[in-house]
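Residue numbers (the working numbering): -18 to 45. Beta carbons: idealized from backbone N, C-alpha and C, even for Gly.
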């Protein structure tokens, strides 16, 4: 992977885009809420693939 340096101005621009009062920002926030809801449901399912994959990852990383 290539090392990338992100400058302060680039970060500020992205934060302003996401947090700003524009229609684009509102749509981005709405979409994030939708994704959050889908992820919460998949995480709650006992034996669900998301939960199993995380468990396998933690086992592999010896953090469990």
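- Per DSSP, reduced to three states, the secondary structure at residue 36 is helical.
- Cβ atoms of residue 24 and residue 32 come within 8 Å of each other, at about 6 Å.
- Residue -13 carries a coil assignment under DSSP once its states are collapsed to helix, strand and coil.
- Within the region -13 to 28, the complete alpha helix (DSSP H) segments of 4 residues or longer fall at -11 to 0 and 4 to 25, listed in chain order.
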